[in-house]
Each structure stands twice: as structure tokens, then as C-alpha cells.
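Structure first, then comments.
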Amino acid sequence: MPKFSIIMPVWNVEKYIKDSLESIKNQTEKDYEVIVIDDGTEDQSIEIAKQYDVKIIHQKNQGQSAARNRGIKEAKGDYLIFVDSDDTIEKDLLKKIKESLTDDPDVVRFQVRTTYPEKDSVDYPEEGFDTCRGDKAFEKLCKYRFVEAVCLYAVKREFYQREHFLFKEGMLHEDFRLIPLLIMKAEKVKSISYIGYNYLQRENSTMNSTSYEKTKKKADDFLKHYLYLMEESNKLEGDTKIFQSYIANSLISKATELKGKDYQEYRKVLKQENVYNYILTDTLPRKIKKVILKLSPKLYYKIK
23 MPKFSIIMPV
33 WNVEKYIKDS
43 LESIKNQTEK
53 DYEVIVIDDG
63 TEDQSIEIAK
73 QYDVKIIHQK
83 NQGQSAARNR
93 GIKEAKGDYL
103 IFVDSDDTIE
113 KDLLKKIKES
123 LTDDPDVVRF
133 QVRTTYPEKD
143 SVDYPEEGFD
153 TCRGDKAFEK
163 LCKYRFVEAV
173 CLYAVKREFY
183 QREHFLFKEG
193 MLHEDFRLIP
203 LLIMKAEKVK
213 SISYIGYNYL
223 QRENSTMNST
233 SYEKTKKKAD
243 DFLKHYLYLM
253 EESNKLEGDT
263 KIFQSYIANS
273 LISKATELKG
283 KDYQEYRKVL
293 KQENVYNYIL
303 TDTLPRKIKK
313 VILKLSPKLY
323 YKIK
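Given below as C-alpha cells:
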């Protein structure tokens with residue numbers, strides 16, 4: 023069996039997929055398989071993918087979550103890694119991850135830089151940490167950006183399958199629903215400081231669409247994810263206060279993307295679901311934050 027299974031959903035990315043697959047081909051660590059899921063792509067993406075040593079699975083267009091779920095079913099590697107087909111990875115990423123696996127962790131986090139078509143890239147370095155339990159790891163990770171980005175984790179396939187994890191199909195922000203819970207349930211989590219993932223910020227991608235209808239869809243799905251995570255948090259072992267505060271703050275922040283009546287209605291739901299009750303108030307700044315958020319989420323994020 024390979025050490026790593028790299029899972030790549032593909033849909034209409036003919037401009038980017040060659041660079042993505044080249045970055046995988048150029049890895050210094052060669053013990054991996056690549057599973058490309060053709061999610062009903064309509065351009066030449068799959069023809070390009072056929073030029074590489076990859077396994078290609080075809081399905082009708084069902085969305086990124088369904089594609090990832092299918093890829094996981096086909097995976098044979100010890101660890102799952104997710105690479106979006108418009109992103110690239112640094113040549114030593116798999117090598118660095120493999121070097122960190124000495125104590126058989128459930129989850130390994132690595133670091134990211136954002137790249138742009140017409141401006142300089144931005145690195146997001148983090149302080150790595152040795153293996154610890156999921157709740158302690160989440161406490162360390164939640165202060166950083168891109169906490170729930172699945173592409174920044176190597177996940178032990180046996181752990182993933184044992185816990186029956188799935189990407190929620192038909193919904194946006196599926197990483198938010200999965201990754202925080204995955205971290206919390208893990209017995210062993212570690213983080214390496216290597217910046218190994220290049221996250222391309224491009225217009226009209228799934229998460230960067232400017233359509234307000236999609237913004238409303240994102241907010242609605244985010245609320246559903248929040249309710250699911252809050253319910254699941256009651257089943258977790260260990261301290262869940264930081265986890266609950268994180269998902270509550272994330273939901274409140276999402277509300278600020280809405281406008282007018284939609285924003286006001288969303289705020290009503292936040293109160294009905296007692297979301298503000300989960301915000302930590304163990305320090306004076308956090309107490310002040312809670313007061314301002316309850317008064318107006320948009321005001322808080324404007325002055326933050």
C-alpha cells in the first residue's frame with residue numbers, strides 16, 4: 023500500500039490542473055497514489071490528467087464533497103491528502119509529512135501560502151507542535167487562519183474510516199462541518215511548520231464567487247453545519263468550551279456577509295439559538311467582544 027493517497031476532485035480547471043499535477047509529480051517522496059475524480063468536467067481537464075500517472079474516476083457532476091467521498095472510497099494509502107486541482111504543493115511536502123509520522127498520528131497539519139494571479143503571494147506561518155490530544159490541538163490551532171481547510175491536513179485513513187467521517191454533499195463550507203470535529207475526535211494530532219500548500223485565490227472559484235445568491239446559500243449552509251457541530255460537541259470527550267466558542271464566533275462572522283433584511287433575520291436566528299452564550303468571556307477583551315457582537319456583529323468586525 024502507498025503511504026499517501028492524494029485525492030483531487032476535477033471540474034473545469036484546464037487552465038490550472040497541469041501545474042497542480044506537476045507539483046505532485048515533482049515530489050521528493052514518491053510513495054503515493056493520485057486519485058483524480060472527474061466530477062462531470064466539460065473542458066479538457068481530464069485529457070490533461072491522462073498525461074500523468076494517476077487513477078481517474080468518472081462520475082456525473084455532483085459537487086466537490088461527493089467527489090472527495092468517492093476518492094476516499096478508492097484510496098489505499100495510509101494517509102489521505104486533499105489537493106484542489108487549481109492549487110499546488112511544494113516539492114518536499116510529502117517528505118516532511120512522512121518524517122513527522124514516527125508516532126503514528128491521526129492527523130498532521132502543515133502550513134499554507136495564498137497565491138494570486140496578479141499580486142504577490144502571502145505566507146501564513148504557524149508554530150508547529152508535538153503530538154497531543156485533539157482538544158488540546160484544537161486550542162492551539164484555532165488562533166490561526168484556515169483552521170478548517172481540509173487541504174492543510176494529512177489524515178490517517180484508518181482513523182477517518184473508523185469514525186465514519188464524510189463530506190456533507192450538496193452543501194457549501196463542507197470543510198467547516200468536518201475538520202473541527204475531526205481534530206477534536208483525534209487521539210494524536212501534530213503540526214509541522216513547513217509551508218507546503220499553495221492556495222490559489224481566483225475569481226469564480228467555489229468559495230470566491232461574488233454572487234449574492236451564493237452568499238446566502240453559504241450562510242444558510244453554515245448555520246446548518248453549526249447546529250450539527252453543536253449537537254456533536256455534546257458527545258465529545260475532553261474540554262469543548264473552546265471548540266464551541268470557535269464555531270459560534272465563526273457563525274457570527276458569517277452573518278456579516280449578508281445584507282439588509284437577510285442580515286437582520288440571521289441575527290434573530292443567532293439569538294434564538296443562543297449562539298452568543300458560547301462565546302468565551304474568561305478575559306476582559308473577550309467580555310468586551312461579546313458585548314459588541316451582541317450589539318452588532320458588523321460593528322465588531324468593522325472596528326476589529
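Going by this note's numbering, the residue at position 163 of the sequence shown is 185; the numbering climbs one at a time, nothing skipped.
We put the beta carbon where it would ideally sit given N, CA and C, even for glycine.
Using the rule of at least 16 other Cβ atoms within 10 Å of the residue's Cβ for burial, across every protein chain shown, is residue i buried or exposed?
i	result
Leu306	exposed
Pro31	buried
Lys207	buried
Lys257	exposed
Val56	buried
Lys312	buried
Thr110	buried
Ala269	The residue you asked about is not Ala; residue 269 is Ile in the sequence shown. Buried is the call here.
Under three-state DSSP, which class holds residue i?
i	result
Arg224	coil
Tyr285	helix
Glu55	strand
Gln294	helix
Thr124	helix
Phe198	helix
Gly93	helix
Ala334	In this structure the chain extends from 23 to 326, so residue 334 is not present and cannot be described.
Asp60	strand
So, under 8 Å CB-CB, residue i and residue j are touching, yes? Tell me the CB distance rounded to an integer number of Å.
i	j	result
Arg179	Asp100	6 Å
Arg131	Ser213	4 Å
Phe189	Ser87	4 Å
Glu51	Lys117	4 Å
Closest to residue i by C-alpha separation, out of the options, would be which residue?
i	options	result
Ile264	Glu287, Ile205, Leu315	Ile205
Lys77	Ser87, Ile94, Asn83, Gln84	Ile94
Gly85	Ile59, Phe104, Ile68, Thr278	Ile59
Gln223	Arg135, Val169, Lys290	Arg135
Lys158	Ala176, Lys210, Phe168, Arg289	Lys210
Leu280	Leu251, Lys240, Asn220, Gln294	Lys240
Glu295	Ser143, Phe104, Arg92, Ile274	Ile274
Val35	Leu174, Ile119, Thr63, His186	Thr63
Ile70	Asp41, Asp53, Gln81	Asp41
Phe151	Ser67, Gln266, Asp145, Lys162	Lys162
Which first and last residues belong to the beta strand (DSSP E) in which residue i is found?
i	result
Val313	Val313 -> not in any beta strand (DSSP E); alpha helix (DSSP H) instead, spanning 306-317.
Asp152	151-154
Would you check whether the ligand ADP has a heavy atom nearer than 8 Å to the C-beta of residue i?
i	result
Lys158	Among the ligands in the structure shown, none appear at all, so the ligand ADP cannot be discussed.
For the alpha helix (DSSP H) holding residue i, just list the boundary residues, first then last.
i	result
Leu245	234-255
Tyr182	179-184
Ser272	263-277
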